[in-house]
Structures are given as structure tokens and as C-alpha cells.
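Residue numbers (this note's numbering): 410 to 665.
Quick notes on the structure that follows.
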């Protein structure tokens, strides 16, 4: 069974929600990235999203952009993400998802990238910039290797949402609002209605990301989704004070 499915199955038995932090591979270095993944798991994470540093991350705000810049300056390469997966797998069975822009997959070779991702212990991919029309072939190649291609859906028409999430495995990544990643003090008023709409079109878990910055925000949305994805708030704390980052995650874990 894919570890993503296993994570949600175990959470459902305990009536809990998924806690999915995002971190950048190679910020500040590979060794600390591996340690961060393991410590995030200890703090209550069920799935960890590992970002592949990219020079033009269109979907990301300043915190993650700056994190990518630091990782690139440190010399982080795509192959280092696979090394990170292998090292985590030596000590943990936590579900791992790669967040990667399509240009990096294409440059390495689609088949090669997916094979390496599967062999190094990853369970899924999130590709924020792949057009709907090109998802089908990549999704098939992923699933042939036991990987899930996680779709991103934003507040949009029911028809487009239905097309994007058709046949999804793993979970649906619901973007809280149009725009880039980043911490927000509050989410759009209609976010819960939007989550309910997505729920109507799929039986797989739905998770909310973009702007999840505090326990208060999580409290308002937790009854309408199966998990929360937290990126900028974790990345910022890891840079400022690693201990603070893990304590922050433990606090969110208590809420969900």
C-alpha cells in the first residue's frame, strides 16, 4: 500500500486529520534536511512535502523563494532530493511527497526522474505548473511506479475542479486562494464552502494549503478537510529557530 493511503487510513481510525509540513531540500544543507524530516515526523507530521529548489518558483511567495535561493547557493541539485529520500527511508516510513516544478522533471528526463523518485522512497509528486492537458500522461507514468500525482485545485468552477481531480489517488491539494504561497492572518470567507464543493467531486482525502499560518486558522477549517499543508510558516521558523518550528507543529497536531 502506498504510504499516503496508509497514513490517511490510520488517521481515519483515530478520527484525526493529516498534518503535512513542507520544507526545502538543501536549506541549509542535506544533512539538516534529513534530520528535519525525521524531527517533523516525531512532532506529529503524517506526510512531509519536500521542495526541489528552483530558480523561478511561480507558485511560491517570498519565504519559500528565499529558501530555494539559499539551497541553490549551497549547491543543492535534483539528485540530492533523492539522496534525502534514501536517508530518511533508512530510519522512517513517513510518507514523502516531492514538490517540483515541471521544468526540473523535463530537464532530467521524465522517466529517469520518476524512476529515481520511486526507488529513493517517495510516494507522490506535486507539480504546481503542469497544465491540465498534460497531466494524464505524467499521472499514468507515476502510477506505474507506485507514485501518486497529487493535483492542485484552486477556487474555481465546479466543472474545472471536477476535471482536475478526476481519477485522483492519494489526496487533493486544495489551494486556499488564487496567488502564491505565504502566511496569512486569515483565509477567504468562502474557503469552507469551497472545500465542501471539492468534497462533492471526490472520495479521496482533501487537504488545504497556502496561507495556513496558525492554530486559529486550522481550527476554522479542520471540520471541512482531511488535513492541512503548512509551508511558509514552517520554513520561516526552521530558519529562525529549529526548536520553535517543531513546537509549532506539535501545537497544530494537538488541534487536529
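Idealized CB from N, CA, C, for every residue including glycine.
- Judged by beta-carbon spacing, residue 506 lies beyond the 9 Å limit of residue 574, meaning their Cβ atoms are not closer than that value.
- By DSSP's assignment, residue 533 forms a beta bridge with 506, 557.
- With respect to residue 457, residue 430 sits close: the two C-beta atoms are nearer than 9 Å.
- If you check the CB distance, residue 622 and residue 642 come in under 9 Å.
- Distance from the CA atom of residue 481 to the CA atom of residue 489, rounded to whole angstroms, is 11 Å.
- If you look at residue 638, you'll find it in the beta strand (DSSP E) that goes 636 to 639.
- Under the three-state reduction of DSSP, residue 664 is assigned to helix.
- Assignment of alpha helix (DSSP H) within the stretch 457 to 484, counting only whole runs of 4 or more residues, yields 471 to 482 in chain order.
- Per DSSP, reduced to three states, the secondary structure at residue 493 is helical.
- For residue 581, the enclosing beta strand (DSSP E) starts and ends at 581 to 584.
- With contacts defined as CB atoms closer than 9 Å, residue 479 and residue 529 fail to qualify as a contacting pair.
- The C-alpha of residue 585 is placed about 22 Å away from the C-alpha of residue 663.
- When the Cα atoms are used, residue 553 and residue 533 turn out to be separated by approximately 12 Å.
- Take the alpha-carbon of residue 635 and the one of residue 518: they are about 33 Å apart.
- Scanning the stretch 426 to 458 from its first residue to its last, the whole alpha helix (DSSP H) runs of 4-plus residues come out as 439 to 451.
- Residue 627 holds the alpha-carbon nearest to the alpha-carbon of residue 617 among 611, 627, 609.
- Within the same chain, no residue comes within 8 Å of residue 444 by CB-CB distance, once the 5 residues on both sides are set aside.
- The beta-bridge partner set that DSSP reports for residue 562 consists of 583.
- The closest CA to that of residue 448, considering only 656, 665, 542, is found on 656.
- The C-beta of residue 496 has 16 or more other C-beta atoms within 10 Å across all chains shown, which makes the residue buried.
- In chain order, 535, 559, 560, 561, 562, 616, 618, 638 place their CB closer than 8 Å to the CB of residue 582, counting only its own chain and leaving out the 5 sequence neighbours on each side.
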